[in-house]
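> Residue numbers (UniProt numbering): 1 to 135. Backbone N, C-alpha and C define an ideal beta-carbon position, used for all residues, glycine too. These figures come from a predicted structure and were not determined experimentally.
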Amino acid sequence: MILLDSSALLAALRREPGGERVAAALSSGRSALTTANLAEVLSVLATRAGMPISETLRTVDQLPIEIVSVSREIAIQSAELHARWPRSGLSLGDRICLAAGIVQGWPILTADAAWLRLETDAKVELIRSAAGLDE
Numbered sequence: 001m002i003l004l005d006s007s008a009l010l011a012a013l014r015r016e017p018g019g020e021r022v023a024a025a026l027s028s029g030r031s032a033l034t035t036a037n038l039a040e041v042l043s044v045l046a047t048r049a050g051m052p053i054s055e056t057l058r059t060v061d062q063l064p065i066e067i068v069s070v071s072r073e074i075a076i077q078s079a080e081l082h083a084r085w086p087r088s089g090l091s092l093g094d095r096i097c098l099a100a101g102i103v104q105g106w107p108i109l110t111a112d113a114a115w116l117r118l119e120t121d122a123k124v125e126l127i128r129s130a131a132g133l134d135e
């Protein structure tokens, strides 16, 4: 399974650089998104693209992606990440995604180069070079 961060899925949906790597992961039928990251994706599409939530949900529901609920173990791991790096700038969605990747042992695709500076057990892979990042 390949876990997608919100930034990665949004890059694919917006056809941004690196989105093709995410599209390949989606095509494999072995990609996943946490419920926290689902909320982020729906919110960003609704607020920045002006799409109604129902339309954004239809868009995501058509993707071959497994939605992973946030378990107690993932929540605890997320809290541990926050306690370790309280000033890292990681959002709750970022921490949940990292925590899910650690707990499940899945690699994570992201557009957020800052994640590479963290010393975690997460297997983080950037979808594009740091020079091409806008987030």
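Give every residue of the same chain whose Cβ lies closer than 7 Å to the Cβ of residue 179, excluding the five residues on either side of it in the sequence, and list them in chain order.
Since the first residue of the chain shown is 1 and the last is 135, residue 179 is not available in this structure.
> Kindly provide the ranges of any alpha helix (DSSP H) runs that are 4 or more residues long and lie completely inside the region 9-89, ordered along the chain.
Correct list: 19-27, 35-48, 53-61, 72-84.
> Closest to A114 by CA distance: which of G89, I96, K123, C97 is it?
Residue 114 sits at position 114 when you count from the first residue of the sequence shown. Selected option, being the one with the closest Cα: G89.
> Helix, strand or coil for I96? Go by DSSP, reduced to three states.
Along the sequence shown, one-based indexing puts residue 96 at 96. Three-state result, I96: helix.
> Would you kindly check if the distance between the Cβ of T56 and the Cβ of I96 is under 7 Å?
The count along the sequence shown starts at 1 and reaches residue 96 at position 96. The count along the sequence shown starts at 1 and reaches residue 56 at position 56. Not closer than 7 Å, so no.
> Could you check what DSSP says for L116 in three-state terms: helix, strand or coil?
For the purposes of this step, residue 116 is taken as residue 116 along the sequence shown, with counting starting at 1. Here L116 sits in helix by DSSP.
> Quick check on DSSP: helix, strand or coil for I102?
Position 102 of the sequence shown holds residue 102. In the structure shown, I102 sits in a helix (DSSP, three-state: H, G or I).
> Would you call Q77 buried or exposed, if buried means 16 or more other Cβ atoms sit within 10 Å of its Cβ?
Here the question's residue 77 lines up with position 77 in the sequence shown. Burial call: buried.
> Report all residues from its chain with a CB closer than 7 Å to the CB of V41; omit the five preceding and five following residues, and keep chain order.
Position 41 of the sequence shown holds residue 41. Taken in chain order, the residues that qualify are S6, L9, L10, V60.
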